[in-house]
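A.B. asks: Sequential numbering from 127 applies to the first sequence in our numbering.
Structure incoming, see below.
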Amino acid sequence: MLSENLYGDRKNTKDMKEKIRQIMLYAAEKAHNTEQLPSGDFPDFVIEEPKNPIHGDLSCNLAMLMAKMQKMAPRKIAQILLDHTDDAEGIIEKKEIAGPGFINFFIRPAAWLPVLRRIHAQGDDYGRSDMGKGEKVQVEFVSANPTGPLHVGHGRGAAVGDTVANILSFCGYDVQREYYINDSGRQIRTLGTSVFIRYQQLCGKDIPLGGDCYQGDYIRDIADMIRNEKGDRLLSGDAEEAVVLCARFAADFILSGIREDLESFGVRFDRWYSEQSLFDAGKVEQVMENFRKTGNLYEKEGALWFRTSDYGDEKDRVVVRSNGQTTYFASDIAYHQDKYERGLERVVDVWGADHHGYIPRMRASVMASGRKSEQFQVILIQLVSLLRDGEPVAMSSRAGEFVTLKEVVDEVGKDAARFIFLTRHYESRLDFDLALAKKKSNDNPVYYVQYVHARISSIMEKARERGIAPEDWQEEYLSALTEAEEIRLMKALSLYPETLETAAAMMEPHRLSYYLTDLASLFHSYYNKHKVLTDLPETTAARLCLIMAVREVIRNALSLLGVSAPEKM
RNA sequence: GCGCCCGUAGCUCAGCUGGAUAGAGCAACGGACUUCUAAUCCGUAGGUCGCACGUUCGAAUCGUGCCGGGCGUACCA
């Protein structure tokens, strides 16, 4: 039987760990007040799920951590703490002291039931939190140069950046997604040159394509488009103008392709920020002028240097070369200044790991304008190796033989691609096997998780067919949930909010993928052992309530990962 | 040389702001479909957590030093 306070208390929304933590804190204070514990100074302690179920549902290490400052044996402190616990809600079935001084709690099975009520009440919002307190955070990701199509590596960055943004947003941060377009500088000029040479070749001229030019077939395709539009006219005009025209045309065309590819990968940006616009608005010049005034810049050997070494970089860096051209760093400084001036409190850049050497100088420039180091964070994405059946797929962008993100998404699907990118810590290198990604088996966790959603949807459909309507599912029936697998599922469901908060705090989306796989595994086991639609109406109602909660959380988490939750598979 | 990342089961990887007997999937072997979807489940087997010291009640986790792999060390982007 369920007690009234477990069941009827509307404020009963704190998760189990937090409840135990409060009980322990209260016990510690009480023990100090009665002078059984000399010190009133309590260290940070953890409430965690022991790996071994023999140690209970939750475990607390407070007694061991206090041993030194209390000048007492951990087990003795544990006993004192236990003597002072006050379990007003009646959630604890058994508590014990174990090992060097752990305090283990065995939770009364029925005490997990409120999580179901909470999930049903909050629906899509279960797990949402205000931990971010509205902090304005920008996630800048992908930001690939518009000189060629996105490849798989960009895909990983896109999946991670997008999902980090989703998670932060769900956890109460005010998130903005931005793509920085490097549409200025030498590479764009090289792009123009490459296209113009192809154009001239198409017009019958025998001009070789230099080794430093972009070699991909798409360059010729673009040149062909220009020829269809302009005919041979560019041949007779000014060559410089022709290159500029080719560059602009090509960059615009490639960028719109990038947009489309990202769109079909489920990624959208709040803003596409052009590097060229920084120059056009005079912001690069302005920012350099400001830093000159504050003494952060100096001239040496004809070039202009930024004193990044004042802020931890190993040496100073050039912002204007002796030939008068600004470096990429210069516009990047201006760009980041602009971000903060727009009111962003924290800036997160998602970069390829090969750019890690760039972090100290970027951070230095941010700190030079008085921002705190923590206001600039970088997520470094490690390399993706593309395989097919374990064999490496050739990926030389120099020769233009790369496999594009679009090709991968077309072949394996958005869901599988995203999930695989998000099932590994981004700081680990990733082998992406195309054959594996298409396999509809356990090799491929995305189907494993989606299958849960489909299975539950199917059961719900069956329930409807049998005339079991959702509104008939009474909470009073929940006490029928007593199977070990049912308790395990409820425990897992109650872990979701803190999983999200950790994922947000550490900006590690893979935590969500692993959580999903765990939850899915628990469900599949349950499904194989117990029938949901039974002859007992109360049991059926209770189990439906449970699996609907599972479905809700699966759907919720998948949507944060940008993966669909199919009703049928 | 210096800096950063990685090193955990045969393979691919979780676990790393310290917690008790180190986990998952794949691959291997043996089982479960007349059932709400077998894209599933159950079981067996599989480990000096790269090595060595150190910190402490306790180390895969923290520190130092090695070893191995990758990346970076431009008046490139």
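For every residue, glycine included, the Cβ atom is placed at its ideal position computed from N, Cα and C.
Beta-carbon separation of His-462 and Val-473 under 8 Å?
C.D. replies: Within the first sequence, numbered from 1, the residue matching residue 462 stands at position 336. Within the first sequence, numbered from 1, the residue matching residue 473 stands at position 347. Result yes, Cβ atoms of His-462 and Val-473 sit closer than 8 Å.
A.B. asks: Buried or exposed: where does Arg-487 fall if 16 or more other Cβ atoms within 10 Å of its Cβ makes it buried?
C.D. replies: As a first step, residue 487 is located in the first sequence; it is residue number 361 there, counting from the start. Result: buried.
A.B. asks: If you follow the beta strand (DSSP E) that Asp-209 is in, where does it begin and where does it stop?
C.D. replies: As a first step, residue 209 must be located in the first sequence, where it is residue number 83. Looking at the DSSP string, Asp-209 is not in any beta strand (DSSP E); the run it does join, the alpha helix (DSSP H), is 200-209.
A.B. asks: Rounded to whole angstroms, what's the CA-CA distance from Tyr-299 to Cys-372? Just pull it up for me.
C.D. replies: The residue labelled residue 299 in the question sits at position 173 within the first sequence. The residue labelled residue 372 in the question sits at position 246 within the first sequence. Straight-line Cα distance between these residues: approximately 42 Å.
A.B. asks: Measure the C-alpha to C-alpha separation of Val-655 and Pro-164 and round it to an integer number of angstroms.
C.D. replies: Start at 1 with the first residue of the first sequence, and residue 655 comes out as number 529. Start at 1 with the first residue of the first sequence, and residue 164 comes out as number 38. For the sequence presented, residue 655 should be read as Lys rather than Val. Cα to Cα, Lys-655 sits roughly 52 Å from Pro-164.
A.B. asks: Note down the Cα distance separating Val-534 from His-482, rounded to an integer number of angstroms.
C.D. replies: Along the first sequence, one-based indexing puts residue 534 at 408. Along the first sequence, one-based indexing puts residue 482 at 356. Straight-line Cα distance between these residues: approximately 27 Å.
A.B. asks: Write down the C-beta distance between Leu-335 and Ile-352 rounded to the nearest angstrom, noting that I regard them as a contact closer than 8 Å.
C.D. replies: As a position in the first sequence, residue 335 is number 209, starting the count at 1. As a position in the first sequence, residue 352 is number 226, starting the count at 1. Between Ile-352 and Leu-335 the Cβ distance is about 16 Å, and since that is not below 8 Å, they are no contact.
A.B. asks: Tell me which same chain residues have a C-beta within less than 6 Å of the C-beta of Arg-524, skipping the five on either side of it?
C.D. replies: Residue mapping note: residue 524 aligns to position 398 of the first sequence, counting from 1. Reliability of the predicted coordinates at Arg-524 is poor, the pLDDT of 48 falling under 50, and no value is obtained from them.
A.B. asks: Please report how far the alpha carbon of Arg-394 lies from the alpha carbon of Leu-388, in whole angstroms.
C.D. replies: If you number the first sequence from 1, residue 394 lands on position 268. If you number the first sequence from 1, residue 388 lands on position 262. So the two alpha carbons sit approximately 7 Å from each other.
A.B. asks: Can you tell me whether DSSP reads Cys-186 as helix, strand or coil?
C.D. replies: Position 60 of the first sequence holds residue 186. In this structure, Cys-186 counts as strand in the three-state DSSP scheme.
A.B. asks: Could you tell me which uninterrupted beta strand (DSSP E) segments, each at least 3 residues in length, are contained entirely in the segment 463-515, listed from first to last along the chain?
C.D. replies: Here the runs fully enclosed are 472-478, 502-507 and 510-514.
A.B. asks: When the Cα atoms are used, what is the spatial distance from Val-476 to Phe-228?
C.D. replies: If you number the first sequence from 1, residue 476 lands on position 350. If you number the first sequence from 1, residue 228 lands on position 102. About 41 Å.
A.B. asks: Quick one: using the 10 Å Cβ neighbour count with 16 as the cut-off for buried, is Ile-680 buried or exposed?
C.D. replies: Locating residue 680 in the first sequence gives position 554, counting from the first residue. Ile-680 should be labelled buried.
A.B. asks: Could you tell me which residues DSSP puts in a beta bridge with Val-301?
C.D. replies: Looking up residue 301 in the first sequence gives position 175. Val-301 pairs with Val-263.
A.B. asks: Give the straight-line distance between the Cα atoms of Ser-495 and Arg-418, rounded to the nearest whole angstrom.
C.D. replies: Numbered from 1 along the first sequence, position 369 holds the residue referred to as residue 495. Numbered from 1 along the first sequence, position 292 holds the residue referred to as residue 418. For Ser-495 and Arg-418, the distance between alpha carbons rounds to 12 Å.
A.B. asks: Quick check on the burial criterion: 16 or more other C-beta atoms within 10 angstroms. Buried or exposed for Ser-310?
C.D. replies: Within the first sequence, numbered from 1, the residue matching residue 310 stands at position 184. Buried, since its Cβ has 16 or more Cβ neighbours within 10 Å.
A.B. asks: What do you reckon, are the CB atoms on Asp-696 and Ala-490 nearer than 8 Å?
C.D. replies: In this structure the chain extends from 127 to 695, so residue 696 is not present and cannot be described.
A.B. asks: Using the C-alpha atoms, what's the distance from Thr-665 back to Thr-608?
C.D. replies: As a working mapping, residue 608 is identified with position 482 in the first sequence. As a working mapping, residue 665 is identified with position 539 in the first sequence. Approximately 10 Å, taken between the alpha carbons.
A.B. asks: Can you list, in chain order, the residues of its chain whose CB lies under 8 Å from that of Trp-238, leaving out five sequence neighbours each side?
C.D. replies: Counting from one through the first sequence, the residue named residue 238 turns up at place 112. For Trp-238, where only same-chain residues beyond five positions count, the Cβ hits under 8 Å are Met-142, Ile-613, Met-616, Lys-617 and Ser-620.
A.B. asks: Under a Cβ-count criterion, where at least 16 other Cβ atoms within 10 Å of its own Cβ denotes burial, should Met-198 be classed as buried or exposed?
C.D. replies: The count along the first sequence starts at 1 and reaches residue 198 at position 72. The residue is buried, with at least 16 neighbouring Cβ atoms inside 10 Å.
A.B. asks: For Glu-587, does the three-state DSSP call read helix, strand or coil?
C.D. replies: Within the first sequence, the letter at position 461 stands for residue 587. Glu-587: helix per DSSP, three-state reduction.
A.B. asks: When the Cα atoms are used, what is the spatial distance from Ser-400 to Leu-381?
C.D. replies: For this step, residue 400 is matched to residue 274 along the first sequence. For this step, residue 381 is matched to residue 255 along the first sequence. Rounded to whole angstroms, Ser-400 to Leu-381 spans 11 Å at the Cα level.
A.B. asks: In terms of residues, what are the limits of the beta strand (DSSP E) holding Tyr-424?
C.D. replies: Stepping through the first sequence from its first residue, residue 424 is reached at position 298. Residues 423-426.
A.B. asks: Would you say Ala-284 and Leu-207 are within 8 Å of each other, going by their C-beta atoms?
C.D. replies: The count along the first sequence starts at 1 and reaches residue 284 at position 158. The count along the first sequence starts at 1 and reaches residue 207 at position 81. For Ala-284 and Leu-207, no; Cβs fall outside 8 Å.
A.B. asks: Threshold first: 4 residues or longer. Then list the alpha helix (DSSP H) segments lying entirely within the segment 280-348, N to C.
C.D. replies: Here the runs fully enclosed are 312-328.
A.B. asks: Going by DSSP, which residues form a beta bridge with Ser-400?
C.D. replies: Locating residue 400 in the first sequence gives position 274, where the first residue counts as 1. Answer is Ile-307, bridged to Ser-400.
A.B. asks: Could you please give me the residues that DSSP links to Arg-147 through a beta bridge?
C.D. replies: Translated into the one-based positions of the first sequence, residue 147 becomes position 21. The partner list for Arg-147 (beta bridge, DSSP) is empty, contrary to what the question assumes.
A.B. asks: Going by beta carbon distance, what residues of the same chain come within less than 8 Å of His-280, once the five residues before and after it are set aside?
C.D. replies: Here the question's residue 280 lines up with position 154 in the first sequence. Result list for His-280: Val-268, Ala-270 and Leu-531, in chain order.
A.B. asks: Let's see if you can read the secondary structure: which residues bound the beta strand (DSSP E) around Leu-556?
C.D. replies: If you number the first sequence from 1, residue 556 lands on position 430. Segment 556-559, the beta strand (DSSP E) holding Leu-556.
A.B. asks: With a CB to CB cut of under 6 Å and the five nearest residues on each side skipped, what residues in its chain are close to Val-572?
C.D. replies: Position 446 of the first sequence holds residue 572. Only Asp-541, Ala-542 and Phe-545 meet the Cβ criterion.
A.B. asks: On the DSSP bridge list, what partners appear for Arg-443?
C.D. replies: In the first sequence, residue 443 corresponds to position 317, counting from 1. DSSP lists Phe-432 as partners of Arg-443.
A.B. asks: Could you have a look at Ser-523 and say whether DSSP puts it in helix, strand or coil?
C.D. replies: Here the question's residue 523 lines up with position 397 in the first sequence. Only weak support exists for where Ser-523 lies, its pLDDT of 49 falling under 50; the value from the coordinates is given anyway. Coil.
A.B. asks: With Glu-222 as the anchor, note down where its beta strand (DSSP E) starts and where it stops.
C.D. replies: Here residue 222 refers to the residue found at position 96 when the first sequence is read from its first residue. 218-224 is the extent of the beta strand (DSSP E) around Glu-222.
A.B. asks: Starting from Asn-230, trace the beta strand (DSSP E) both ways and give me its first and last residue.
C.D. replies: Within the first sequence, the letter at position 104 stands for residue 230. Run containing Asn-230: 228-233, per the beta strand (DSSP E) assignment.
A.B. asks: Would you mind sorting Glu-304 into buried or exposed? The rule is 16 or more other CB atoms within 10 Å of its CB.
C.D. replies: Translated into positions along the first sequence, residue 304 becomes position 178. The residue is buried, with at least 16 neighbouring Cβ atoms inside 10 Å.
A.B. asks: Return the residue from the list His-579, Ser-511, Phe-455 and Glu-411 that minimises the CA-CA distance to Ser-78.
C.D. replies: Outside the shown range of the chain, which is 127 to 695, sits residue 78, and nothing can be said about it.
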